[in-house]
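Start counting the sequence shown at 0; every next residue gets the next number (numbering that gives the first Met the number 0).
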Amino acid sequence: MSTPSRPILGSSCARATTAAEMRYRIDRPIRGRRGARIIGLDAGGDAIVEQISRRPWGHARFLSLAEPVGDVGDRGSDSVALRDTDGGMSSLLAELDDADVVVMVATTGADAAAATIIGAACTVRAIMTAGLVIGDRARIDGAVAALRPHARVLMVTGDERDVIDLLTALRA
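In structure tokens:
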């Protein structure tokens with residue numbers, strides 16, 4: 000006695016990628032999105048942030064550290080000065096007022112004190128944090144160690160285009 004065979008049906012995931020189903024996708028910004036803050040934590044991260052800031056984004060702001068933070072000590076989040084890609088200055092606290100996600104970008108020399116202060120300030124405000132470390136795996140151990148305790152999501156990659164992919168997925 001044989002079991003009747005059933006045809007293999009396409010999965011719902013495969014059907015969702017068809018042209019007919021694409022018309023049901025939502026491609027507008029998520030309502031209520033206040034904005035992403037993308038912060039470079041070293042010279043390499045600053046260069047990547049500067050480069051991707053030229054693309055069209057929603058409410059994302061692209062920033063770098065105005066100066067190295069150095070030792071954390073008793074310094075709080077009001078001690079972190081940021082510079083936007085146009086050269087304008089702001090403080091970490093002012094930037095976090097309108098943020099719902101912070102993405103820290105580093106290459107080989109991430110400012111560990113800045114990552115600590117940014118991560119703590121985001122935790123207190125329930126702002127999601129992500130860290131992207133870009134570079135050759137043999138040279139990024141310090142940056143990974145600096146970001147790991149302070150980023151809820153950490154991506155280590157050799158391709159800086161992954162930053163664009165992440166920001167696109169976040170609808171920044």
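By construction, the Cβ of each residue, glycine as well, lies at the ideal position given by its N, Cα and C atoms.
- Collapsing the DSSP output to three states places ALA119 in a helix.
- One thing to note: LEU166 has its Cβ within 8 Å of the Cβ of ALA35.
- For THR156, the enclosing beta strand (DSSP E) begins and ends at 152-156.
- Spanning the alpha carbons of ASP110 and GLY43 requires a straight line of approximately 12 Å.
- One Cα belongs to ALA119, the other to ILE163, and the distance between them is close to 25 Å.
- Between GLY69 and ALA112, the CB-CB gap stays under 8 Å.
- Here ILE38 carries a strand assignment [DSSP, helix/strand/coil].
- Nearest Cα to GLU159 within the set ASP77, GLU20, ALA46 and ARG24: ALA46.
- Under DSSP, GLY69 takes part in no beta bridge, so it has no partner.
- In the structure shown, the three-state DSSP call for THR128 is strand.
- Taking the C-beta atoms as reference points, ALA129 is found nearer than 8 Å to VAL152.
- Rounded to whole angstroms, the Cβ separation of ARG33 and ASP97 is 5 Å, and the two are in contact under 8 Å.
- Going by beta carbons, GLY108 and GLY134 fall outside the 8 Å limit.
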